[in-house]
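Chemist: Please find one structure pasted underneath; my questions will follow.
Residue numbers (the working numbering), protein chains in the order written: chain B, 3 to 354; chain H, 3 to 354; chain W, 3 to 354.
Written out as structure tokens, the structure reads:
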């Protein structure tokens with residue numbers, strides 16, 4: 003795979019950007035303002051990094067018109083440099099592209115439907131009545147369970163498991179180690195012994211979803227677990243049975259969502275957040291890192307829990323004091339009462 | 003695989019339930035009270051959902067005798083509708099059943115013992131001297147390490163790793179991506195450099211255990227890591243070396259248990275809980291979600307830590323105040339002293 | 003594989019230890035002081051366990067000279083019994099050693115370089131231009147992506163995924179289910195829709211690193227994600243894109259580090275810790291379990307957050323009080339003001 007090579011002019015054309023500088027200058031990669039070399043393109047998205055423009059050695063920089071005025075080097079002038087960087091990043095991606103066709107070592111059921119433009123990797127397993135649409139890449143060691151469906155243009159890294167009856171939309175990206183459709187945690191307690199409840203629902207995943215490495219999404223207990231269009235899930239996220247996630251909601255790593263919880267659209271859930279089951283979170287909610295969400299959220303906005311980090315010695319004192327808080331609150335109230343008595347007593351005596 | 007079909011009469015017979023209604027009515031599935039269609043069975047377990055009985059369109063509902071009085075449609079009357087639902091759920095499970103025998107692509111060591119009624123999936127690896135008992139299903143891409151043993155009736159999803167010397171009881175279910183017997187985190191620090199300690203213990207897992215997707219259970223450092231009978235572990239749980247878990251204890255997703263901690267029987271550990279190492283938790287303990295357990299628990303009951311979620315703005319104030327708590331406590335004490343002085347001073351002067 | 007057998011004399015020689023007792027006594031394993039049988043060696047590292055010396059039935063015990071005085075049985079006298087135990091542990095490790103060579107079922111690209119002393123397991127996939135150095139063990143079902151490199155003496159458990167352009171140093175151990183080089187969580191928001199940013203950096207891992215089961219390390223967005231020499235990562239850790247971890251830093255299970263955060267050398271990060279992105283943690287920092295690290299740490303030392311566990315009833319009160327803390331702080335201040343007024347008022351009147 004030879005390295006990508008574009009001219010500044012070609013990149014300007016792709017972005018419909020205004021080019022300032024040498025249209026024939028070669029660009030072989032992307033880098034930050036501080037690290038970019040003479041054949042790399044850079045970008046300024048965060049105003050905090052404007053200070054690095056002066057010493058920037060990049061072939062050119064993606065800039066807004068306003069920032070371009072303060073820069074003397076070559077520039078591609080665009081409305082949104084970060085989106086322009088996102089668009090160009092794919093040109094320089096060295097991720098191998100798999101050839102169409104079924105690898106000779108793959109195991110595909112006779113009644114599975116695999117589009118001839120799909121790529122089925124080494125040792126992949128496609129079970130009975132599964133459907134793999136056009137342009138799908140199924141990495142090595144992937145397992146697609148019975149009757150499961152992967153829509154057009156999907157890309158599954160090596161070693162992704164889809165259980166049976168999992169329906170995935172178009173252009174969905176799933177990283178290695180993800181498990182979709184596992185049996186949720188359903189047990190009925192009979193005199194101290196847990197009886198298993200079969201998980202007879204499936205999983206339905208919309209279009210343009212991304213699912214991170216080692217993330218798990220359980221199948222529904224009765225109805226399906228539902229992941230909306232454009233949802234982005236980072237690594238090691240745990241989505242329990244019958245959770246519903248609205249369109250374009252994004253979750254960072256290590257989030258855990260308990261069963262039957264329903265999350266709205268365009269939410270951002272930061273890393274390590276945990277949510278109890280059977281609650282609802284409305285559209286447009288931002289939950290900060292490691293927050294424990296134990297009740298429904300009905301108003302858009304930002305929510306948090308947890309305590310701030312301290313040196314361990316000070317923390318021990320704070321932690322001990324928290325356990326005394328109820329007592330402190332009572333004593334505070336008592337003081338207020340006493341002081342009021344003293345004050346009014348004082349008044350009384352001054353009256354006298 | 004054709005859809006399951008039973009008559010109400012057949013289901014009543016299986017449950018030893020009292021049938022009220024048409025014994026020949028066909029039932030093709032299970033659904034909630036709100037979603038059930040005319041050929042689906044439903045159930046009422048949570049009194050909160052009694053309000054949905056009125057509009058329920060189900061073929062019949064699993065009800066207690068008391069609830070059946072308030073419902074006019076067909077019913078299967080049972081002592082415990084939730085347990086009855088759990089029992090029937092397996093009839094409607096579309097999980098494919100694997101055929102007995104070793105898949106031609108599997109790799110089984112010459113000296114491994116595989117019962118002829120067991121099913122060994124595609125590309126599975128069974129290493130030297132491993133034993134696979136009757137009725138076991140080993141999914142595609144599973145690895146069973148040297149001398150490891152899987153007891154009768156076990157069901158392993160595709161892509162489960164058992165390292166060497168892992169002993170698993172009867173009827174154990176393990177979801178995809180689980181890793182049993184990995185090398186625990188054992189290192190001795192020599193002048194700043196970590197020296198690895200070989201993990202020479204194994205893992206012993208009891209009967210009727212369930213292990214969730216991407217859960218990891220490390221092998222013992224010296225003796226074995228021990229998981230009791232009937233233990234249920236959800237997804238993405240981390241069990242460190244030499245942990246012991248008592249019979250019928252259940253843990254929800256994303257729990258982490260540090261090395262050598264010993265948990266009793268019939269405990270319930272909610273999602274995201276973390277426990278430090280070398281502690282003991284007695285039988286019958288319930289730990290709420292995301293609690294940090296830093297000491298042994300010697301009394302049954304419920305335990306918690308963490309702070310309640312707030313809007314981020316209010317949370318920032320709370321978090322800042324927590325860091326001032328020790329100071330606040332001292333000032334409160336000082337106030338009490340001063341006020342006592344004032345009060346007694348006042349008394350003294352009034353005495354005078 | 004026959005069990006290991008050494009004489010006390012042989013073990014003393016290996017450790018350069020002073021032997022007290024029967025040099026010909028056979029040793030077949032290692033065990034704790036309480037559990038060791040007559041053919042097992044034990045050790046005393048933690049002074050807390052000194053009480054078990056009296057009843058110890060071990061063949062011999064690894065002891066310091068001082069502790070050996072208080073023990074009557076056979077002993078191997080060493081400067082550091084824990085390090086001595088670590089060294090000997092490998093003699094008794096029953097982990098199978100893989101034979102050199104490529105398993106007939108493995109799929110190795112024509113232009114990959116595999117050293118003849120390396121072992122490539124069943125169904126392993128080695129992609130184009132990958133390099134596997136001398137003495138490497140690649141477990142069953144491992145995938146080594148295009149141009150990725152594994153240095154001398156590496157040991158990869160079954161089912162490890164390395165994406166393309168991952169460079170791994172010498173003697174690196176990676177447990178099952180780990181995913182190295184997955185695409186990080188990079189998206190640019192365009193009017194509510196997330197646009198993917200190609201992750202064109204790689205991952206560089208130093209020598210003597212250990213990576214736990216189901217741990218994920220994402221590739222860089224632009225430059226590489228960097229893991230220093232001697233770093234030890236436990237299970238289910240999440241390392242986001244462009245994180246940098248300094249030499250000999252150790253992290254326990256379930257830690258999550260957000261993008262571009264830089265951690266120094268010789269740090270210890272306990273289980274369940276979460277760090278936000280774009281911060282720096284200096285050398286020699288110890289972060290206690292489940293701490294939420296939301297800002298840079300510039301001084302070595304121990305740091306914590308979170309609240310102490312309480313019985314759930316008491317916890318509910320504390321949690322409610324924390325939400326009132328800001329109000330309590332204001333009332334406290336008000337009381338101080340009022341009391342000062344009363345006191346000064348009292349003084350004034352006593353002056354009068």
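All C-beta atoms, glycine included, are put in the ideal place defined by N, C-alpha and C. Computed from a predicted structure; not experimentally measured.
Compare the Cα-Cα distances from residue 139 of chain H to each of H:162, H:301, H:302 and report the closest residue.
Modeler: Selected option, being the one with the closest Cα: H:162.
Chemist: What in chain B is Cβ-close to residue 344 of chain H, meaning under 8 Å?
Modeler: Within 8 Å Cβ-Cβ: 344.
Chemist: Are any of the Cβ atoms in chain W nearer than 7 Å to that of residue 311 of chain B?
Modeler: Output row for residue 311 of chain B: interface = yes.
Chemist: What distance in whole Å lies between the Cβ atoms of residue 132 of chain W and residue 148 of chain W, which are believed to be in contact at a cut-off of 8 Å?
Modeler: Sure, about 7 Å apart at Cβ, within 8 Å.
Chemist: By the 7 Å beta-carbon criterion, what residues does the stretch 27 to 47 of chain W contribute toward chain H?
Modeler: Per Cβ criterion, the list reads 32, 33, 34, 37.
Chemist: Beta carbon of residue 42 of chain B, beta carbon of residue 54 of chain B: below 7 Å?
Modeler: No, Cβ-Cβ distance for residue 42 of chain B and residue 54 of chain B is not below 7 Å.
Chemist: According to DSSP, what are the bridge partners of residue 276 of chain B?
Modeler: Answer by DSSP bridge pairing, in chain order: B:258, B:294.
Chemist: Return the chain-ordered list of same chain residues with a C-beta closer than 8 Å to the C-beta of residue 187 of chain B, the five sequence neighbours on each side being excluded.
Modeler: Result list for residue 187 of chain B: 220, 242, 243, 261, in chain order.
Chemist: Report the residue from B:120, B:289, B:125 whose alpha carbon sits nearest the alpha carbon of residue 358 of chain W.
Modeler: Outside the modelled stretch of chain W, which goes from 3 to 354, sits residue 358 of chain W, for which no answer is possible.
Chemist: Please identify the residue among W:331, W:324, W:313 whose C-alpha is closest to the C-alpha of residue 328 of chain B.
Modeler: Comparing Cα positions, the closest option is W:324.
Chemist: Among the candidates H:343, H:85, H:29, H:44, whose CA atom is the shortest distance from the CA of residue 193 of chain B?
Modeler: That would be H:85, whose Cα lies nearest to the Cα of residue 193 of chain B.
Chemist: Assuming contact is defined by CB atoms lying nearer than 7 Å, are residue 304 of chain H and residue 288 of chain H in contact in what I supplied?
Modeler: A contact, by the Cβ cut-off of 7 Å.
Chemist: Need the endpoints of the alpha helix (DSSP H) that residue 69 of chain B sits in, please.
Modeler: Where residue 69 of chain B is concerned, the enclosing alpha helix (DSSP H) stretches over 67 to 71.
Chemist: Could you give the residue range of the beta strand (DSSP E) that holds residue 15 of chain W?
Modeler: No beta strand (DSSP E) contains residue 15 of chain W, which is instead part of the alpha helix (DSSP H) from 10 to 17.
Chemist: Kindly say whether residue 195 of chain B, judged by its beta-carbon, lies nearer than 7 Å to any beta-carbon of chain H.
Modeler: Cβ-Cβ to chain H under 7 Å: yes for residue 195 of chain B.
Chemist: Counting C-beta neighbours from all protein chains within 10 Å, is the total for residue 236 of chain B 16 or more, i.e. buried, or is it exposed?
Modeler: Residue 236 of chain B is buried by the Cβ-count criterion.
Chemist: Using the Cβ count rule (16 or more neighbours within 10 Å means buried), how would you classify residue 167 of chain B?
Modeler: Looking at its Cβ environment, which holds 16 or more other Cβ atoms inside 10 Å, residue 167 of chain B is buried.
Chemist: Find out if the Cβ-Cβ distance for the pair residue 225 of chain B, residue 208 of chain B is shorter than 7 Å.
Modeler: Cβ atoms of residue 225 of chain B and residue 208 of chain B: not closer than 7 Å.
Chemist: Compile a chain-ordered list of the residues in the stretch 314 to 328 of chain W whose CB is closer than 8 Å to at least one CB of chain B.
Modeler: Of all residues in the stretch 314 to 328 of chain W, 316, 319, 320, 323, 324, 326, 327 have a Cβ within less than 8 Å of some Cβ in chain B.
Chemist: Let me confirm a value: residue 300 of chain W is counted as buried when at least 16 other C-beta atoms fall within 10 Å, else exposed. Which label applies?
Modeler: By the neighbour-count rule (16 or more Cβ atoms within 10 Å), residue 300 of chain W is not buried but exposed.
Chemist: Excluding the five sequence neighbours on either side, which residues of its own chain have a C-beta within less than 7 Å of the C-beta of residue 21 of chain H, listed in chain order?
Modeler: Within the same chain, residue 21 of chain H has close Cβ partners 10, 11, 14, 78.
Chemist: Which stretch, first to last residue, makes up the beta strand (DSSP E) that contains residue 44 of chain B?
Modeler: Residues 42 to 45.
Chemist: Can you find the residues in the same chain that come closer than 6 Å, C-beta to C-beta, to residue 275 of chain B, ignoring five residues on each side of it along the sequence?
Modeler: So the qualifying residues of the chain are 257, 289, 293.
Chemist: Name the two residues that bound the continuous alpha helix (DSSP H) containing residue 320 of chain B.
Modeler: Taken as a continuous stretch (DSSP letters only), the alpha helix (DSSP H) holding residue 320 of chain B covers 314 to 325.
Chemist: Between residue 6 of chain H and residue 23 of chain H, what straight-line distance do the alpha-carbon atoms span, to the nearest angstrom?
Modeler: Rounded to whole angstroms, residue 6 of chain H to residue 23 of chain H spans 21 Å at the Cα level.
Chemist: Please state whether the Cβ-Cβ distance between residue 190 of chain H and residue 70 of chain W is less than 7 Å.
Modeler: No, they are not a contact pair.
Chemist: Note down the Cα distance separating residue 56 of chain W from residue 16 of chain W, rounded to an integer number of angstroms.
Modeler: Looking at the two C-alpha atoms, the distance is approximately 27 Å.
Chemist: According to DSSP, is residue 307 of chain H part of a helix, a strand, or is it coil?
Modeler: Residue state, collapsed to three classes: coil.
Chemist: Specify, as a first and last residue, the run of the alpha helix (DSSP H) that residue 112 of chain B falls within.
Modeler: Premise fails: residue 112 of chain B is in no alpha helix (DSSP H) and is neither H nor E.
Chemist: Measure the C-alpha to C-alpha separation of residue 169 of chain H and residue 183 of chain H and round it to an integer number of angstroms.
Modeler: Computed Cα separation, rounded: 10 Å.
Chemist: Would residue 39 of chain W be called buried (16 or more neighbouring beta carbons within 10 Å of its own) or exposed?
Modeler: By the 10 Å Cβ count, residue 39 of chain W comes out exposed.
Chemist: Cutting at 8 Å between CB atoms, please list the residues of its own chain near residue 335 of chain W, excluding the five before and the five after it.
Modeler: So the list is empty, once near-sequence residues are dropped.
Chemist: Could you tell me whether any Cβ in chain B is nearer than 7 Å to the Cβ of residue 99 of chain H?
Modeler: Output row for residue 99 of chain H: interface = no.
Chemist: Just tell me which of H:174, H:215, H:266, H:32 has its CA closest to the CA of residue 62 of chain H.
Modeler: Closest by alpha carbon: H:32.
Chemist: Out of W:97, W:129, W:75, which has the shortest C-alpha to C-alpha gap to residue 25 of chain W?
Modeler: Nearest of W:97, W:129, W:75 to residue 25 of chain W, Cα basis: W:75.
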